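Taken in order, the sequence shown gives residues 18 to 141; the numbers are from this note's numbering.
Even for Gly, the Cβ is constructed at its ideal location relative to N, Cα and C.
Owing to the predicted nature of the structure, the values given are computational and were not obtained by experimental measurement.
Here the structure comes first, spelled out in structure tokens, and everything after it is commentary.
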Amino acid sequence: MNLPEELKYTKDHEWARVDGDTVVVGITDYAQSELGDIVYVELPEVGAQVSQGESFGTIEAVKAVSDLYAPVSGEVIEVNEKLNDSPELVNQDPYGEGWMIKIKISNPAELDELLDKAQYEALL
């Protein structure tokens, strides 16, 4: 299973790539493999406010539908529009082309609550 060192993780199997005051968010390799073939991803609109630990969308696979949870609070500043037509990118490249949203962080202290690779691996 692929778990990049530089990312932060949540107990709900999202990852966060921190870049200054923004965070790129997606689901982990573990999550996509557990879900199976992704057929639909519902994401918020740009400008939406999200709260840490709260659902920001859903991901639908052949065998299950799951909520997506925000790793940090803030404003959605970008959404991966490619997932509308190609949700399978989440399976093929969960840490790259399969990213979901970018959030402008409203409370940087929340980053301290995220897990590093070792802490996330211990949950699996």
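May I ask you to report which of helix, strand or coil DSSP gives residue i?
i	result
E95	strand
L106	helix
E31	strand
Y137	helix
L85	strand
L100	helix
Could you give the distance in angstroms between the alpha-carbon of residue i and the alpha-carbon of residue j?
i	j	result
I76	V107	10 Å
G43	Y112	7 Å
S123	K80	35 Å
N97	V40	13 Å
E31	S83	12 Å
A135	P125	22 Å
E95	L52	24 Å
E23	W116	15 Å
E92	P61	10 Å
Less than 8 Å between the CB atoms is what I'm expecting for residue i and residue j, so what's the real figure, rounded?
i	j	result
V35	K25	7 Å
A78	V56	6 Å
Y47	L141	6 Å
Taking the Cβ atom as the reference point for each residue, do residue i and residue j lie within a distance shorter than 8 Å?
i	j	result
Q109	A87	no
V89	I118	no
E105	D38	no
Worksheet item: Enumerated in chain order, which unbroken segments of the beta strand (DSSP E) with a length of 3 residues or greater are wholly contained in the stretch 33-78?
Response: 39-44, 55-59, 72-78
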